[in-house]
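Student: The structure that follows is given in the form of structure tokens.
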Amino acid sequence: MKVKVNKDACISCGACIAICEEVFEMNEEGISTVKKEEIPKDLEDQVKDAIESCPTGAIEEF
Numbered sequence: 199m200k201v202k203v204n205k206d207a208c209i210s211c212g213a214c215i216a217i218c219e220e221v222f223e224m225n226e227e228g229i230s231t232v233k234k235e236e237i238p239k240d241l242e243d244q245v246k247d248a249i250e251s252c253p254t255g256a257i258e259e260f
């Protein structure tokens, strides 16, 4: 599983980081970014929760 954050859609709410800080972090611009290119199997459920919880749909699985 791989995910990316659409920086134009991110509103910096921090929901993704609250759900899975092992994968998501804020960059210096205050936009969420993905720390790991390949999501470990044990974090996939948390990342899927983060995708569903993003109010703007900025997190995309590919």
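Number 200 in the numbering used here belongs to position 2 of the sequence shown; there are no gaps in the numbering. Ideal placement from N, C-alpha and C gives every residue a C-beta, glycine not left out.
#1: Just list the residues that DSSP pairs residue 222 with in beta bridges.
#2: For residue 223, which of 216, 231, 217 has the nearest alpha-carbon?
#3: Straight-line CA distance for residue 244 to residue 199?
#4: Report, in whole angstroms, the separation of the C-beta atoms of residue 237 and residue 203, which I expect to be a contact under 8 Å.
#5: Is it buried or exposed, residue 209, if we count other Cβ atoms within 10 angstroms and call 16 or more buried?
#6: Any idea which residues DSSP pairs residue 257 with across the strands?
Tutor: The structure says:
#1: 232
#2: 231
#3: Between residue 244 and residue 199, the C-alpha separation is close to 12 Å.
#4: At roughly 13 Å, the Cβ-Cβ gap does not stay under 8 Å, so residue 237 and residue 203 are not in contact.
#5: exposed
#6: Under DSSP, residue 257 takes part in a beta bridge, and its partners are 203.
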